[in-house]
Amino acid sequence: MNERPVRLRISDDLMRGHGSVFFRVWFALPFLLWLGLWATAAFFVAIANWGLTLVLGYSPARLHRFFERFVRYTTHVYAYLNLGAEPLPSFNGKPGYPIDLDIDPPARQNRWTVAFRFILVIPAMLLVTALVGSGSSAYGFASAQVGLASAGLVGTAAMLGWFVGVLRGRMPRGLRDLVAYGLSYGAQAWAYLLLLTGSYPSSDPLTAIGPLAVRNDPVQLEARDELRRSRLTVFFRLLLAIPHLFWLSLWGIAALLAAIANWVATLVAGISPRPLHRFLAAYLRYQLHVGAYLYLVGNPFPGFAGDERSYPIELRVAGRERQNRWTVLFRLLLALPALLVAAAYGSLLFVVALLGWFAGLVTGRMPLGLRNAGALALRYTAQAYGYIFLVTGSYPYSGPCLAPARPPTTTEAATSPPPVA
Amino acid sequence: MRRITRRLSRPTTLAVLAGAALWVWAAHSLWSTTVPGSLHLPDVEPTRFFSDSFLERTASYSRFLEILALLATLTLLGVLAVYARRGHRLMRESAAGRVGTGMLLGMLGFAVVWLAEVPFGLIAVWWQRRYDISHQSYVAWVFESFFALGSTFLFVSVALAIAMGLAGVLRRWWWAVAAPLFVGLSLLFTFVSPYFVPNAAPLRDPVLLAEARAVERIEGLSDTKLVVQNVHRFTTAPNAEAAGFGPTRTVVLWDTLLDDEFSSAEIRVVVAHELAHLAHNDPLKFVGWLALFLVPATALIARLTRSRGGLARPEAVPVALFVLVALQLLATPLLNVVSRHEEAAADWTALTVTRDPAAERGSCVDWQPPA
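Note that the protein sequences, when read in sequence, are chains A and B. Numbered according to our numbering, the first sequence spans residues 1 to 421. Numbered according to our numbering, the second sequence spans residues 422 to 792.
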């Protein structure tokens, strides 16, 4: 299943020590200091490695081992710092950490891609910035200068995980998997830049961290998109979405009023009234369709009604369910962490759209990894809004996951390829 | 003879004839003017006011832009003709229903036109920069025109949503409801348009303000808003316009008009001219002329899109676009005549109010691009 030359392996049990989490940044300081020193050495060795790989066509074994350890050590330190794993990492970057990397031995690489590696890696590093934060990309300083500095998805997940870890002594799996997803992509990008591999990093969350959780959430996303993109509609995508954004903002006002009414009604009855649930579910679907179109996760121009099964990137919203009145009463407060994660996913969506725009224009296709990363961000945003609007009482799941298999309807079986997310 | 009589007595023919008579009557009413019919203007010899080199430079400037506009228009028609034939193939890019797909095809039509017109726009910018008319950079122009396309898309989408929605219900007769509806919307936009003038601030100059109020009283107006629009970053050309009606009546003066090049008497004439437009209800008359254009235009679109199943079908949208743009181009000379007619009336009123022909002449002379 996982054919990547750089693979993330997880053996973490999610258990965390309260004190270890509380002082995590301080405990991580020596490792960060060592990482800084190692990175300085790696910078100079990388230049030598680039020259040698350009001449030989492959990275020399010793240098390959050096960078393998460096990338692995970086992953260990970031996993530790961001609460992706519990134990202190070793200083030598040897395998055996709960969040670890398997890296293939040196292989022949295309000399042209080696020569221009520093340029070719720019799109990947933009994604690293959105996923892991600006400090972790090769262009961290530059991106900070243009206002892109952020904690990234991993930093946001770590911050929220810190509160949970301190209080409960556990890291939620969704947050841990989100950290792992970011680290997996970061490791691939660094491995590509440092010539450990010639394979371009894949941002596909479905294959990033090994086996995924299978979850039957009340708000699920289904992607049956064929990845083909019309260059004309890609070029004008932002403008073509304007009527939808206009309509969405009008609908949003009505949805906000409906959500307030839903809040009162659910607080009284313990369950969302059927008409309000249906209306808000349609709004969520429409919001997802528009988001998918705008961010190039989907290709066709969506309809304006948010109809079920009308778009290849579809939101499945379960029927209404009884909800705990206490969580209903404090829903806005409880949703704050989800909104933080959704905002971080927003940065990822922006980068996905930006890169997808260029890829779509050049190749007429959306790369699968980008499409699935965008779908993940849209799914989380839809779940967060579903939770805020009381369409569901289930808290949004922040990590990549799989939905249980659903037999396709007769029409789907006849017309569509199988779902991919 | 009997055949013609029979044809003329058909209800449809009678309705068309009645409509035509109504059209002529309405056009005649809109054409009415305050300029005395006995007024005979002498021929103006430009060489009395401008140097030969200036006139030559001006002619060269205009000639190039006219040729460019002709080429751009031919390209526009060519692109839309091809789009009318083949545009329906883009229906596969839509998962929206009938109306949504029509909206997409409408927007893509203008998108294709924009792509085809970009070279002409860039050449025009180059030419204007050469004559120091524009300061805009090429990149800024491309981005600005690209994003301006967004408002076109929104406008086209709303118009198509209305027209196709009505066509779904009323079939062949959608235009009978759509045309008055569009006129109503246009009336609304005319009313609110002064609120959307970008980079505008109220006129602060107390002397000019007092003079403008005095002119306003003479022209029978009151409470007209006077604003200054900041445009000097983009152009050196001076200009002014009148917008809105009723409580939103506004005169917009470009800040390039208020620099030292124009005397206060000349600026007063310009203000009187714009106030005259408002006193003559020209913004409202424009809506009236639009109504006179829209009714036959929508009827013709309804007729010519029948081969594609009528405007209720999205595949008819590219044809509708072509017909609309072609009709617009045909109507342009007529609208220019109307516009010159209204400008002459505003000039006449400004002249009778200010009684300052020297300033009026001076404003026209200074109105030219720098030589």
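We put the CB at the ideal spot given by N, CA and C, even for glycine.
1. Taking the straight line between their C-alpha atoms, what separation do you get for A454 of chain A and A502 of chain B?
2. Just tell me which of A:L54, A:L276, A:F67 and A:Y78 has its CA closest to the CA of L33 of chain A.
3. Whole angstroms are fine: how far does the CA of M585 of chain B sit from the CA of G207 of chain A?
4. For a cutoff of 8 Å on Cβ pairs, would you count E632 of chain B as touching chain A?
5. To the nearest angstrom, how far is it from the Cα of Q650 of chain B to the Cα of P704 of chain B?
6. Cβ of M528 of chain B less than 8 Å from any chain A Cβ?
7. Looking only at its own chain, which residues have a Cβ that is under 7 Å from the Cβ of L587 of chain B, when we skip the five neighbours before and after it?
8. Can you grab the Cα-Cα spacing for the pair Y380 of chain A / L339 of chain A, in whole Å?
9. So, for L696 of chain B: in the same chain, excluding its five sequence neighbours on each side, which residues have a beta-carbon less than 7 Å away from its beta-carbon?
10. Do we get a CB-CB distance below 8 Å when we pair S424 of chain A with the residues of chain B?
11. Indicate whether at least one CB of chain B lies closer than 8 Å to the CB of G140 of chain A.
12. Please compile the residues from chain B whose C-beta is within a distance smaller than 8 Å of the C-beta of G303 of chain A.
13. Out of A:G93, A:A342 and A:V166, state which residue places its alpha-carbon closest to the alpha-carbon of G399 of chain A.
14. Going by CA-CA distance only, name the one from B:A561, B:P615 and B:L460 that's closest to A766 of chain B.
15. Taking the Cβ atom as the reference point for each residue, do G161 of chain A and A130 of chain A lie within a distance shorter than 8 Å?
16. Can you list the alpha helix (DSSP H) stretches of 4 or more residues lying completely in the stretch 165-201 of chain A, in chain order?
17. Is the number of C-beta pairs between the stretch 63-75 of chain A and the stretch 177-191 of chain A that are closer than 8 Å three or more?
18. Report buried or exposed for D13 of chain A, applying the criterion of at least 16 other Cβ atoms within 10 angstroms of its Cβ.
19. If I measure Cβ to Cβ from A335 of chain A and keep anything under 8 Å in the same chain, skipping five residues before and after, which residues do I get?
20. Rounded to the nearest angstrom, how far is the Cβ of F541 of chain B from that of L489 of chain B, given a contact under 8 Å?
21. Would you mind sorting S272 of chain A into buried or exposed? The rule is 16 or more other CB atoms within 10 Å of its CB.
22. Tell me whether L751 of chain B is buried or exposed, calling it buried when 16 or more other Cβ atoms sit within 10 Å of its Cβ.
23. Compare the C-beta of Y286 of chain A with all C-beta atoms of chain C and state if any pair is closer than 8 Å.
24. With 8 Å as the threshold, decide whether the Cβ of I253 of chain A is near any Cβ in chain B.
25. Quick one: grab the DSSP three-state call for E226 of chain A.
26. Less than 8 Å between CB atoms is the rule here; does M524 of chain B satisfy it with respect to chain A?
27. In this structure, how does DSSP classify S515 of chain B when only helix, strand and coil are distinguished?
28. Kindly indicate the opening and closing residues of the beta strand (DSSP E) around T671 of chain B.
29. Considering only the beta carbon of each residue, do L721 of chain B and L748 of chain B sit closer than 8 Å?
30. At 9 Å on the CB atoms, spell out the chain A contacts of A532 of chain B, in chain order.
31. Which one of B:G709, B:S760 and B:I688 has the shortest CA to CA distance from A780 of chain B?
32. According to DSSP, is M437 of chain A helix, strand or coil?
33. Among A:L83, A:Q220, A:D104 and A:L126, which residue has its Cα nearest to the Cα of V154 of chain A?
34. If you draw a straight line from the C-alpha of F91 of chain A to the C-alpha of W112 of chain A, how long is it?
35. In three-state terms, what does DSSP make of R371 of chain A?
36. Does the stretch 537-554 of chain B come within contact of the stretch 207-220 of chain A, defined as at least 3 CB pairs closer than 8 Å?
In short:
1. Chain A is shown from 1 up to 421; residue 454 of chain A falls before or after that span and cannot be answered.
2. What you label residue 33 of chain A is simply residue 33 of the first sequence in a count that begins at 1. Of the listed residues, the one whose Cα sits closest to L33 of chain A is A:Y78.
3. As a first step, residue 207 of chain A must be located in the first sequence, where it is residue number 207. As a first step, residue 585 of chain B must be located in the second sequence, where it is residue number 164. Residue identity differs from the one stated: residue 207 of chain A is Thr in this sequence, not Gly. The alpha-carbon atoms of T207 of chain A and M585 of chain B are separated by roughly 45 Å.
4. Here residue 632 of chain B refers to the residue found at position 211 of the second sequence. Any Cβ of chain A closer than 8 Å to the Cβ of E632 of chain B would place that residue at the interface, and such an atom is absent.
5. Within the second sequence, the letter at position 229 stands for residue 650 of chain B. Within the second sequence, the letter at position 283 stands for residue 704 of chain B. Each residue's Cα considered, the two are about 19 Å apart.
6. For the purposes of this step, residue 528 of chain B is identified with residue 107 of the second sequence, where counting begins at 1. At least one CB of chain A lies nearer than 8 Å to the CB of M528 of chain B.
7. Translated into the one-based positions of the second sequence, residue 587 of chain B becomes position 166. Exclusion of the five residues before and after L587 of chain B leaves W595, V598 and A599 as the residues of its chain whose Cβ lies within less than 7 Å of its Cβ.
8. The sequence position of residue 380 of chain A within the first sequence is 380, counting from 1. The sequence position of residue 339 of chain A within the first sequence is 339, counting from 1. Straight across, the Cα-Cα distance linking Y380 of chain A with L339 of chain A is about 10 Å.
9. Within the second sequence, the letter at position 275 stands for residue 696 of chain B. Excluding residues within five positions, the ones whose Cβ falls inside 7 Å are V636, E637, E640, L642, T645 and V672.
10. As shown, chain A starts at 1 and ends at 421. That puts residue 424 of chain A outside it, with no answer to give.
11. Start at 1 with the first residue of the first sequence, and residue 140 of chain A comes out as number 140. For G140 of chain A, the predicted structure reports a pLDDT of 46, less than 50, and the residue's modelled location is therefore unreliable. A value from the coordinates is still provided. No, because no Cβ of chain B sits closer than 8 Å to the Cβ of G140 of chain A.
12. By 1-based counting over the first sequence, the position of residue 303 of chain A is 303. Within chain B, A516, A517, G518 and G521 have C-beta atoms less than 8 Å from the C-beta of G303 of chain A, given in sequence order.
13. Counted from its first residue, the first sequence places residue 399 of chain A at position 399. Per the Cα distances, A:A342.
14. Against the second sequence, residue 766 of chain B aligns to sequence position 345. The option with the nearest alpha carbon to A766 of chain B is B:L460.
15. If you number the first sequence from 1, residue 161 of chain A lands on position 161. If you number the first sequence from 1, residue 130 of chain A lands on position 130. With contacts defined as CB atoms closer than 8 Å, G161 of chain A and A130 of chain A fail to qualify as a contacting pair.
16. Correct list: 173-193.
17. Verdict: yes, contact present.
18. Start at 1 with the first residue of the first sequence, and residue 13 of chain A comes out as number 13. The residue is exposed, with fewer than 16 neighbouring Cβ atoms inside 10 Å.
19. Reading the first sequence from its first residue, position 335 is the one you call residue 335 of chain A. Result list for A335 of chain A: A384, Y387 and I388, in chain order.
20. The residue labelled residue 541 of chain B in the question sits at position 120 within the second sequence. The residue labelled residue 489 of chain B in the question sits at position 68 within the second sequence. Between the beta-carbon of F541 of chain B and that of L489 of chain B there is about 6 Å, and that keeps the pair under the 8 Å contact cut.
21. On the first sequence, position 272 is the one that residue 272 of chain A refers to. The residue is buried, with at least 16 neighbouring Cβ atoms inside 10 Å.
22. Here residue 751 of chain B corresponds to residue number 330 of the second sequence, with the count starting at 1. Exposed, because fewer than 16 other Cβ atoms sit within 10 Å of the Cβ of L751 of chain B.
23. The chain labelled as chain C is not found among the protein chains of the depicted structure, namely A and B.
24. For the purposes of this step, residue 253 of chain A is taken as residue 253 along the first sequence, with counting starting at 1. Output row for I253 of chain A: interface = no.
25. Sequence index remark: in the first sequence, residue 226 of chain A carries index 226 (1-based). Of the three classes helix, strand and coil, the one that applies to E226 of chain A here is coil, per DSSP.
26. Start at 1 with the first residue of the second sequence, and residue 524 of chain B comes out as number 103. Interface residue (Cβ-Cβ distance to chain A less than 8 Å): M524 of chain B is classified as such.
27. As a working note, residue 515 of chain B is residue 94 in the second sequence. Judged by DSSP in its simplified three-state form, S515 of chain B adopts strand.
28. In the second sequence, residue 671 of chain B corresponds to position 250, counting from 1. Note, T671 of chain B: beta strand (DSSP E), T671 to W675.
29. As a working note, residue 721 of chain B is residue 300 in the second sequence. As a working note, residue 748 of chain B is residue 327 in the second sequence. Yes, the pair counts as a contact, with Cβ atoms nearer than the cut-off.
30. Indexing the second sequence from 1 puts residue 532 of chain B at position 111. Close to A532 of chain B, with beta-carbon spacing below 9 Å, are these residues of chain A in chain order: L232, T233, F235, F236, L239 and L240.
31. Position 359 of the second sequence holds residue 780 of chain B. Here the closest residue by C-alpha is B:I688.
32. Only positions 1 to 421 of chain A appear in this structure, which leaves residue 437 of chain A out of reach.
33. Sequence index remark: in the first sequence, residue 154 of chain A carries index 154 (1-based). By alpha-carbon distance to V154 of chain A, the top candidate from A:L83, A:Q220, A:D104 and A:L126 is A:L83.
34. To locate residue 91 of chain A, count along the first sequence from 1; it is residue 91. To locate residue 112 of chain A, count along the first sequence from 1; it is residue 112. Going from the Cα of F91 of chain A to the Cα of W112 of chain A covers about 35 Å.
35. Position 371 of the first sequence holds residue 371 of chain A. Assigned with DSSP and collapsed to three states, R371 of chain A falls in helix.
36. With a cut-off of 8 Å, the stretch 207-220 of chain A and the stretch 537-554 of chain B do not count as touching, because too few Cβ pairs lie within range.
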